[in-house]
Each structure stands twice: as C-alpha cells, then as structure tokens.
Amino acid sequence: MRDHSFVAQIEARVSDAITRVDKPWGHELIWAKTDRYVGKILHIEAGHVLSLQYHNVKDETIYVLVGEIILRTGQVDRLTERRMRPGESLHISPKQIHQFEAVVTSDLLEVSTPEIDDVVRLKDRYGRVPPK
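The sequence shown begins at 2 in my numbering and counts up one residue at a time.
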C-alpha cells in the first residue's frame with residue numbers, strides 16, 4: 002500500500018537541506034533553520050502522543066496539514082482538550098504547557114523561534130523525562 006501522506010510526498014523529493022529526525026512517535030522534517038526561525042513538519046503516527054511539555058523561550062505556531070490531533074493545554078492537573086483538523090492553527094507561547102496526540106496519522110507544520118532544544122518534558126510515554 003502506498004503512503005500518500007503529505008510528508009511522504011515531500012520525502013520523495015527530499016534534498017540535502019532537509020534534515021529528518023526520527024522520534025518514537027514518528028519523525029520531524031526540518032526544512033528551514035536560521036538564527037531567527039525554524040520550520041518543521043511533524044509526522045505523528047496514529048495513536049502516538051508527544052511529551053507533555055513546555056518551552057522556556059521557544060515560541061511556535063502549528064498548522065494541521067493532514068489528519069486530526071488532540072491538543073492538550075493548561076496546567077498539568079487540569080488539561081483541556083481541543084481537536085484540531087486540517088486548516089486549523091494555534092500559537093503556543095513560551096511556558097505554555099502543551100501536548101499533541103494523533104487521532105489518525107497526522108502531519109503538522111511548525112514554525113518557531115530557533116531554540117529547538119528548549120524542551121522541558123513533564124510527562125512522556127517513551128521514557129524521555131529526566132529524573133528529578
């Protein structure tokens with residue numbers, strides 16, 4: 002069965018300027034990286050959940066290209082859920098706790114400030130939360 006997802010189409014034409022970063026939930030394609038901004042596509046496999054996290058400095062906006070996600074935001078003990086579908090976007094400010102879950106295999110466009118390693122994980126099903 003052929004994969005007709007947006008990311009699969011891009012990967013078929015991938016250039017040296019695009020970096021693929023494998024993740025336990027899927028992968029990222031970093032398609033732009035400068036000292037002022039970063040552009041990524043997050044490919045999240047169905048049923049997978051990214052870390053409950055926040056960023057100290059990183060400021061980002063996501064746009065759903067393909068699929069459907071559940072976005073959780075709020076306080077760790079009081080998260081609210083919002084379903085997001087293609088064409089919907091959301092700004093995530095520094096310090097805002099958030100988490101993505103793919104209802105179906107989904108592709109998200111993320112544009113952010115360049116602090117790609119600025120991740121504070123609060124919960125993670127893949128064991129990536131540092132010990133306290």
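Yeah, the Cβ is synthetic: ideal placement off N, Cα and C, and Gly gets one too.
In the displayed model, S113 falls within a strand according to three-state DSSP. Where E29 is concerned, the enclosing beta strand (DSSP E) starts and stops at 27 to 34. Taking 8 angstroms as the upper bound for CB-CB distance, V77 and I98 are in contact here, some 6 angstroms apart. Short of 8 angstroms from the beta carbon of H49, and not among the five residues preceding or following it, lie these beta carbons of its own chain, in chain order: P25, W26, G27, E102, A103. Residue pairing for Q76: DSSP places it in a beta bridge opposite R79.
K124 is a Cβ neighbour of L53, given a cutoff of 8 angstroms. Annotation for E89: V65 place their beta carbon closer than 6 angstroms to its own, counting only its chain and skipping 5 residues before and after. In the structure shown, S52 adopts coil according to DSSP, grouped into three states. Counting along the chain, the unbroken beta strand (DSSP E) around Y64 starts and ends at 61 to 67.
With a beta-carbon spacing of about 5 angstroms, H56 and P95 fall inside the 8 angstroms limit used to define contacts. DSSP places V121 in the uninterrupted beta strand (DSSP E) bounded by 121 to 124. Here I42 really is in contact with E29; their C-beta atoms are around 7 angstroms apart, less than 8 angstroms.
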